[in-house]
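J.:
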Amino acid sequence: MSDIFPKWTNRLPGQILVGALLVGSAVIGGVWYYATPKYTRVGYQPIQPVSFSHATHAGQLGIDCRYCHSAVEKSWYSNIPSSSTCMNCHNQVLKDDPRLALVRESASTGKPIPWVQVHKVPDYVYFNHSVHVTRGISCVECHGSIDKMDEVSHAKPLSMAFCLDCHRDPAAKIRPPDKITDLNWKWSEDPVKNAELQKQHGAQFVHDWKVESLQSCSACHR
Amino acid sequence: MKTIPPPCPEPESGPQYWRSLEQLSDSPQFRQWVEREFPHGAGEMSDPHSRRHFMRIMAASFLLAGAGGMGSGCRRPEEKILPFGKAPENYIHGVPQYFATSRPSRGTAFPLVARSNDGRPTKVEGNAQFPGQAGGTDVYTQASILDLYDPDRSLKVTQAGNTRKREAGIDFLAELARKGQSSLGAGIAFLSDRSSSPSRHRLQSEILAKWPAARWFEHEAVDFEVHREAARAAFGPDPSGATGMRPVVSPVYRLEKASRIVTLDADILGSEEESARLIQGYAHGRRLEKPTDPLSRLYAVESLMTLTGGNADHRLRVVPSLVPAIAARLAQEVLRVTGALGEAVSPLSGVAGPASAHEKWIVECAKDLAAHKGSSLVVAGYRQPLAVHLMAHAINAALGAVGTTLELRPLMAPASGSLPELAALLNRGQVDTLVILNDNPVYSAPADLDWASTQRKAKTVVRLGFYQDETGLAADWHFPATHYLESWSDGRTADGTLVPVQPLIAPLFDGVMELEFLARLAGLPVTSAYEIVRTTFKAQSLAGDPEQAWKKFLHDGYLEGSAPKPVAASFKVSALVSSLASLTPPAPASAEKLEVVFFRDSRVDDGRQNNNGWLQELPDPVTKMVWENVVLLSQKTADDLKLQIVDREDNNLRVPWVRVILAGRNVEGPAWIQPGMADHTVGLALGYGRGKAGRVGQNTGYNAYKIRPAGSLHRAAGAQVQFLENLHPLSTTQNHWAMEGRPIVREANLEQFKERPDFAKGMNMHEPPGLRGKDGQLEPLYQNPLDIPGPDGKSPRDRATHAWGMSIDLNTCVGCSACMIACQGENNIPIVGKNQVSRNREMHWIRLDRYYAGEVADPQMILQPMLCQHCESAPCENVCPVNATVHDEEGLNVMAYNRCVGTRYCSNNCPYKVRRFNYVDYNRRPLHLLAGPFYTTPLLHSTDGEWDLIRWWKNPDRGIRPDDEWELLKLVKNPDVTVRMRGVMEKCTFCVQRIEQAKIAQKVKAGPQGNIEVPDGTIKTACEQACPSGAIVFGNMKDPNSRVSKLKAQQRDYTVLEFLATKPRITYLAKIRNPNPAMPDYAKSPGSFKEWEGMGNKLGHHGAAHGTPGGYAADKKGAH
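Each protein sequence line maps, in turn, to chains A and B. For the first sequence, the residue numbers in the numbering used here are 2 to 223. For the second sequence, the residue numbers in the numbering used here are 86 to 1205.
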């Protein structure tokens, strides 16, 4: 046999095995990291048809989230405001600004503005906004610091693991119901103290409000 | 501790309950067939395409799909959100809205509440606020929502088959109006369906006043007007000579007040008008908590096997022509015992003669009725002639039923001619223009009128119809009618209450509302249907602000106090005597001279809902046949005709193809032996074999109208049945999932119940040894997931706020099947087609099991809704390799569709056989493929002129469905329920979407507080909400005061297959029959009970050592 295969081929099986292991690990590692929403979703920032800035409206001007997203406490769906909502202010403010041309046109003709969807869970997930925001979960937990974004970007992965992290320990996130839309609110500026207070009050809220934070399939999948 | 799997107890001798003739005959082939989990070939491809061919095509498909997938699968689709430019008031996206409306049907309208999801109606329910109605609907109403989205409905105005613009049609109507005005209506005839709408009646009168020479005719293929006509003849005023309106009397049968009910060929629990209301009343009398509670008794005289007969305590099986004689003899006897209406006795004796064979039955029945004077009721059916109705009313009058169990509501109906009168007019050439509203006479007119050619004798035929059907095709101008959920109209319920017909959506196509059509055609000044209805409403003299009254009317869905006051009238013997003269004595039926019964089908009505897939696939509650009608015969008739009925070949049920000949006309169909049919009677269901239906209804069943005589619409004598050689494959759900003779349905007579109130719990099979642990409790085979403690030491059972459970009362369930259609609509359940049903692949999450007990000739019928039992120790969960079916802490056995890989192990291990598998992508299959083949390749076909592969690539959701189907049928889907795809197992979820919505609503309401428990009665599952009898109750078992807890605490409560210790969350309340000991057919115990005893079983005692305790709290104790 040595006529056919040179000596170095004796080491080949081992090399192949090691090589396969390395490549296999790299593939698994790659998929693990790159094929999850943490990588594929976070940071997604499409350009919207109207350059609406949350940083200006929610951050600088301090308009409450619910002024525009008015159905968030009533429906599973947090509505994108109609163009006429924009015009409530903009028929006074910046009323001839060219950046608002599309809004003015939409409000007068009724033709919708085609906003690009940023946050989306799959169709088989029945996420409900109303039950979260009325029971102490702030917008910031899923959407990030929207009040600092000029163009909205996808801040959190919104994967099933992300949901379950919170559902397994709601006390770490739950806050007083009047602070839901105050995205910068903290128990304390001191991070250590804040964590301590959050844990203490969170557990109290979970107990008092009978927060179920369901982890069974039927909570989200129907 | 390890438990040994319990062996199934073998029946010792013969079957206990039988569900089909095959099972009764217990043939070896049948045994082999039922013992297989899925019958031979159910999981296999048996198409012309071979397995290898399939693989070849699939491989090629995958290759191409893979290449395309590189581009399509990996890209992130960019989706747009399109908010309103200007938001409408009171609309929140994602929150369904509810509107009160009503469904007009023949001479009545049924009050409804319709759900609108983001602007599209998706579900209708009975209006529970309507006085005297607890909600609940019938199958026709439940399924009517699908008609709205039928891609085969009439879309455009057509002239001689060519599409015209709507405006052109409107111009044509205006021209007609001008012509009519100049001739004052001469030569114009209207043919309409029956209607209860005051607005339509008003327009009719206005038109006839304007055009005095015009004539109006009404036709219904299945007509319930005989009820109103008979009540008028018996109690009401004489028809006045004035033209226009005629007085009628609407008899409102108050079954809830009746303790003794006799039906004379009246299927009050099935095919009679407004059966949902009648079932509700009947169920009221059958509901009982304790043995001492009053229980009504039902006597049924009938020739077909119907739900009414199946639920009756005493059933008399007679040929239809004998019913008048029985009515006469019964009337005689009741009049004699009560001493009322003496002058009617002797005229009756001329008719009563042939009833002598059933003398004792009738006499004892009459005695029982007379003993319950004031609380008994006799109802005659629509198939019986006026004389039988009058005899029934004579009995009612003698029994003092008028004003108690029988309310007489005087109404006005338009005076109209009949179809034969119109035919005569046409034949004389006196009709120039024929206007047909809704009715489909070319299909449904009696055969001897030869309507298709008769109709052509009019110069112009104008038609308004929902479908471009037989009549639409034969008309010169066809106008598409709007669905009732697209229309403004009004109507009157059976008791005369005014109800609105309110649209939930603008007409989807070029539809014209009936009122608008009439107004334009007659050139009336107001043509808006809305304005017409409002004008009619104004005529109601109402106190207060008319605008507020109108708003309240639309909000409530009825006008309070608008029903006419019931009249207390005396019976007119003269009317009875004169009607008796019209009866001819029956000739005895024989195998050579059979009697024929034409009846309203339990699914497609008289044919109007023939193109409705939900109804086509709904098994008939008695025959369990789908997708067609059969020629019903009794066993004896079949024997006399030497018909060998059942043959099974290649897993297909095959029956003889027969020809039914009546008066020189014939129709061919498949023969079927129906246990309990009257001998020498042929039952022919109307509504199938349409000449022009849609993609769903085409080629289903035979057309019984082809031999229907004009003189006698519902029964005829002298028919022959000829056997033709070929065998016809039938699809039935009857033999599927037979449960091999265990006490699945438990029942007893009232006397037995009084003796042993806990009989249902003691009615067990011989229990195999080794099922019980040391404490004497049944040991579950699988660990109960609700008892496994979590990290906090608390079990899910203790942690959960609710424990969902259901109780089904078999005493009030009559088997109407409304639950099945409601479930189908609520849960996006697809239809699969006849071919797939024959492979046991129907998808209904809830089914109605129908068992028989006793003789084949005249058996007792037992019905049981069967759905996922939500076992706590669920066998299905333990065998799932991917954890796709698991428990939630509130006791729901949930399916995570995305995890399911389709092993079907769960279905294999389910003792109740309630899991359904998507063998094919039913939701994406075009309707024309319902007939097969069920695998097609996207490589070789194109749809709408586009290669299927391209289509699929463009929109994988739509798949290969044609655009019209896809765009319409997706609108009927409930957005809160996932639409399942191929390869996924599914089953009843307890309407988890409704549960979660209610829980969320309660939590939102609670806010930062702890009152998150959903109040009892807030959640109604779809089946519960549709159930007219209130047999299904869902609720929280953790609350001892909830309705479901109280029902489960009753002594009749039992668990199906209890010895398996699966701890189902659904329990049943045993059925109690109430036979009369004096009757000749009295038996001490029900047939099924006797058969159970016959197997050597004895009533055991339940308690600590035996059986499952009733309530949830007790259950919990037992499990620890």
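We put the beta carbon where it would ideally sit given N, CA and C, even for glycine.
What are the residues of the segment 909-920 of chain B that lie near chain A, defined by any Cβ-Cβ distance shorter than 7 Å?
T.: Under the 7 Å Cβ criterion, the segment 909-920 of chain B contributes no residue.
J.: Use the C-beta contact count for K87(B): other C-beta atoms within 10 angstroms, 16 or more gives buried, fewer gives exposed.
T.: Counted from its first residue, the second sequence places residue 87(B) at position 2. Note that K87(B) scores a pLDDT of 42, beneath 50, so its modelled location is shaky; the value from the coordinates is reported in the next line. Answer is exposed; the Cβ neighbour count stays below 16.
J.: What does DSSP give as the partner residues of R400(B) in its beta bridges?
T.: For the purposes of this step, residue 400(B) is taken as residue 315 along the second sequence, with counting starting at 1. BP columns for R400(B) point to A385(B).
J.: So which of P173(B), E174(B), K165(B) and V180(B) has the shortest CA-CA distance to P1060(B)?
T.: Here residue 1060(B) refers to the residue found at position 975 of the second sequence. Measuring from the Cα of P1060(B), the nearest candidate turns out to be V180(B).
J.: Could you check where the beta strand (DSSP E) with L493(B) kicks off and where it finishes?
T.: Translated into the one-based positions of the second sequence, residue 493(B) becomes position 408. Per DSSP, L493(B) belongs to the beta strand (DSSP E) from L491 to P499.
J.: Checking 7 Å against the spacing of the C-beta atoms, do A500(B) and R331(B) come in under that value?
T.: Taking the second sequence and counting its residues from 1, one reaches residue 500(B) at position 415. Taking the second sequence and counting its residues from 1, one reaches residue 331(B) at position 246. Cβ atoms of A500(B) and R331(B): closer than 7 Å.
J.: Closer than 7 Å, CB to CB, is H144(A) near chain B or not?
T.: Along the first sequence, read from residue 1 onward, the residue named residue 144(A) stands at position 143. So no, H144(A) is outside the interface.
J.: Taking the beta carbon of Y936(B) as the centre, do at least 16 other beta carbons fall within 10 Å, making it buried, or is it exposed?
T.: Counting from 1 along the second sequence, the entry for residue 936(B) is found at position 851. The residue in question, Y936(B), is buried, as its Cβ has 16 or more Cβ neighbours within 10 Å.
J.: When the Cα atoms are used, what is the spatial distance from R926(B) to Y1139(B)?
T.: The sequence position of residue 926(B) within the second sequence is 841, counting from 1. The sequence position of residue 1139(B) within the second sequence is 1054, counting from 1. So the two alpha carbons sit approximately 29 Å from each other.
J.: If contacts are defined as beta-carbon pairs under 8 Å, then A274(B) and F302(B) qualify, I think. What distance do you get, rounded to the angstrom?
T.: Residue mapping note: residue 274(B) aligns to position 189 of the second sequence, counting from 1. Residue mapping note: residue 302(B) aligns to position 217 of the second sequence, counting from 1. That pair is a contact at about 7 Å.
J.: Quick check on the DSSP output: the alpha helix (DSSP H) that includes N523(B) runs from which residue to which?
T.: Position 438 of the second sequence, counted from the first residue, corresponds to residue 523(B). Taken as a continuous stretch (DSSP letters only), N523(B) belongs to no alpha helix (DSSP H), as it is neither H nor E.
J.: If you draw a straight line from the C-alpha of W116(A) to the C-alpha of R251(B), how long is it?
T.: Position 115 of the first sequence, counted from the start, is the residue given in the question as residue 116(A). Position 166 of the second sequence, counted from the start, is the residue given in the question as residue 251(B). Each residue's alpha carbon lies about 36 Å from the other.
J.: Do P376(B) and K1131(B) have their CB atoms nearer than 7 Å?
T.: Residue 376(B) sits at position 291 when you count from the first residue of the second sequence. Residue 1131(B) sits at position 1046 when you count from the first residue of the second sequence. Taking 7 Å as the Cβ cut-off, P376(B) and K1131(B) do not qualify as a contacting pair.
J.: State the Cα-Cα distance for the pair L462(B) and L639(B), rounded to the nearest angstrom.
T.: Numbered from its first residue, the second sequence carries residue 462(B) at position 377. Numbered from its first residue, the second sequence carries residue 639(B) at position 554. If you take the alpha carbons of L462(B) and L639(B), they lie about 35 Å apart.
J.: Give the DSSP-derived three-state secondary structure of A69(A) in the structure shown.
T.: Within the first sequence, residue 69(A) is the residue found at index 68, counting from 1. Note that residue 69(A) corresponds to Cys in the displayed sequence, not to Ala. Three-state result, C69(A): helix.
J.: Taking only beta carbons into account, state which residues of the segment 977-1002 of chain B come closer than 7 Å to chain A, listed in chain order.
T.: Residues passing the 7 Å Cβ filter: L977, V979, A981, Y982 and N983.
J.: Identify the contact partners of Q118(A) in chain B, using a Cβ-Cβ distance below 8 Å as the criterion.
T.: Locating residue 118(A) in the first sequence gives position 117, counting from the first residue. Near Q118(A) (Cβ distances below 8 Å), the residues of chain B are E163, E164, K165 and I166.
J.: Between L717(B) and G768(B), is the Cβ-Cβ spacing less than 7 Å?
T.: Counted from its first residue, the second sequence places residue 717(B) at position 632. Counted from its first residue, the second sequence places residue 768(B) at position 683. Taking 7 Å as the Cβ cut-off, L717(B) and G768(B) qualify as a contacting pair.
J.: If you measure beta-carbon to beta-carbon, which residues of the segment 198-219 of chain A are closer than 8 Å to chain B?
T.: So the list reads F206, D209, W210, K211, E213, L215, S217, C218 and S219, given in the order they occur along the chain.
J.: To the nearest whole angstrom, what separates the beta carbons of F622(B) and L389(B), a pair I think is in contact under 8 Å?
T.: Start at 1 with the first residue of the second sequence, and residue 622(B) comes out as number 537. Start at 1 with the first residue of the second sequence, and residue 389(B) comes out as number 304. At roughly 42 Å, the Cβ-Cβ gap does not stay under 8 Å, so F622(B) and L389(B) are not in contact.
J.: Against chain B, does R100(A) count as a neighbour if the rule is that its beta carbon must be under 7 Å from one of theirs?
T.: For the purposes of this step, residue 100(A) is taken as the residue at position 99 of the first sequence. Taking Cβ atoms only, chain B never reaches closer than 7 Å to R100(A), which makes this a no.
J.: Exposed or buried, what is H568(B) when buried is set at 16 or more other beta-carbons lying within 10 Å of its beta-carbon?
T.: Start at 1 with the first residue of the second sequence, and residue 568(B) comes out as number 483. It is buried - the Cβ of H568(B) has at least 16 other Cβ atoms within 10 Å.
J.: How is M155(B) classed by DSSP in three states: helix, strand or coil?
T.: Reading the second sequence from its first residue, position 70 is the one you call residue 155(B). Unreliable placement is indicated for M155(B), whose pLDDT of 44 sits below 50; the coordinate value is still reported in the next sentence. Residue state, collapsed to three classes: helix.
J.: For T110(A), which residues in chain B fall below 8 Å Cβ to Cβ?
T.: Reading the first sequence from its first residue, position 109 is the one you call residue 110(A). By Cβ distance, chain B contributes G170.
J.: Mind checking if T135(A) is an interface residue toward chain B, Cβ cutoff 7 Å exclusive?
T.: As a working mapping, residue 135(A) is identified with position 134 in the first sequence. Output row for T135(A): interface = yes.
J.: Kindly list the residues whose CB is nearer than 6 Å to the CB of P592(B), restricted to its own chain and excluding five residues on each side of it in sequence; keep chain order.
T.: As a working note, residue 592(B) is residue 507 in the second sequence. Answer for P592(B): T567 and E571, listed in chain order.
J.: With a threshold of 7 Å between beta carbons, is P1093(B) in contact with chain A?
T.: Sequence index remark: in the second sequence, residue 1093(B) carries index 1008 (1-based). It does; some Cβ of chain A falls within 7 Å.
J.: Buried or exposed: N89(A), going by 16 or more other Cβ atoms within 10 Å of its Cβ?
T.: Within the first sequence, the letter at position 88 stands for residue 89(A). The residue in question, N89(A), is exposed, as its Cβ has fewer than 16 Cβ neighbours within 10 Å.
J.: Considering only the beta carbon of each residue, do P950(B) and L977(B) sit closer than 7 Å?
T.: For the purposes of this step, residue 950(B) is taken as residue 865 along the second sequence, with counting starting at 1. For the purposes of this step, residue 977(B) is taken as residue 892 along the second sequence, with counting starting at 1. No.
J.: Hey, would you say L863(B) sits closer than 7 Å to L856(B), going by beta carbons?
T.: Taking the second sequence and counting its residues from 1, one reaches residue 863(B) at position 778. Taking the second sequence and counting its residues from 1, one reaches residue 856(B) at position 771. In this structure, L856(B) lies closer than 7 Å to L863(B) by Cβ.
J.: Let me check one thing: in DSSP terms, what residues is F684(B) bridge-paired to?
T.: Position 599 of the second sequence, counted from the start, is the residue given in the question as residue 684(B). DSSP, once it has assigned bridges, lists A770(B) as partnering F684(B).
J.: Quick one, which of P470(B), Q553(B) and Q807(B) has its alpha-carbon nearest L349(B)'s?
T.: Residue mapping note: residue 349(B) aligns to position 264 of the second sequence, counting from 1. The shortest Cα separation from L349(B) among P470(B), Q553(B) and Q807(B) belongs to P470(B).
J.: Applying the criterion that 16 or more other CB atoms from any shown protein chain within 10 Å of the CB defines a buried residue, is Q289(B) buried or exposed?
T.: Position 204 of the second sequence, counting from 1, holds the residue named residue 289(B). Buried, since its Cβ has 16 or more Cβ neighbours within 10 Å.
J.: Starting from the N-terminal side, write out each stretch of the beta strand (DSSP E) that is 3 residues or longer and does not extend beyond the segment 959-998 of chain B.
T.: Those beta strand (DSSP E) runs which fall completely within the segment 959-998 of chain B and span 3+ residues are 970-972 and 978-980.
J.: Quick one: grab the DSSP three-state call for V711(B).
T.: Along the second sequence, one-based indexing puts residue 711(B) at 626. If DSSP states are grouped into helix, strand and coil, V711(B) belongs with coil.
J.: When DSSP labels each residue in this structure, what does V1077(B) get in the three-state scheme?
T.: For the purposes of this step, residue 1077(B) is taken as residue 992 along the second sequence, with counting starting at 1. V1077(B) falls in the helix class under three-state DSSP.
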